[in-house]
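Visitor:
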Amino acid sequence: VDDEPLALRLVETFIEQTPFLQLTSSCDNAVEAMSVIREKQPDLVFLDINMPNLTGMELARLLQEQPGTTPKIVFTTAYNHYAIEGYRVNAVDYLLKPFSYEEFLRAANKV
């Protein structure tokens, strides 16, 4: 989930390159993502934090409030000051943009 098209495409590409991950959906906003996550119930979500209307952090909190629909979350953001808050919502990892495939893979392996 990322509102920046290039960042979204990069994560899609990294997922496609990773044998143990399967891309089930991608969204460019957190409102749409909430609906897709409820429907598809993915195990893992790569989630940007700074998005309009509903932030990634707000989406993570909403997901935590709904038992049975809480995937593992790896936050992706250009702002490191969100790191502590990210771990408060039980994020698996926190990737600071721009990140490499190796950093992405390290985060994905934590699941």
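Note that my numbering has the sequence shown beginning at 5, numbered continuously upward.
C-beta atoms are modelled at their ideal positions from N, C-alpha and C, and glycine is treated no differently.
#1: Quick one, are the C-beta atoms of Val115 and Leu25 less than 7 angstroms apart?
#2: Should Val15 and Ser29 be called a contact, given that it needs their Cβ atoms to be closer than 7 angstroms?
#3: Is it buried or exposed for Gly72, if we count other Cβ within 10 angstroms and need 16 for buried?
#4: At the level of alpha carbons, what is the spacing between Pro102 and Ala82?
#5: Mapping the DSSP letters down to three states, classify Phe79 as helix, strand or coil.
#6: Taking just the CA atoms, how far does Glu69 sit from Glu20?
#7: Where do the ends of the beta strand (DSSP E) carrying Leu67 lie?
Guide: Taking the coordinates as given:
#1: no
#2: no
#3: exposed
#4: 7 angstroms
#5: strand
#6: 30 angstroms
#7: No beta strand (DSSP E) holds Leu67; the alpha helix (DSSP H) holding it covers 60-68.
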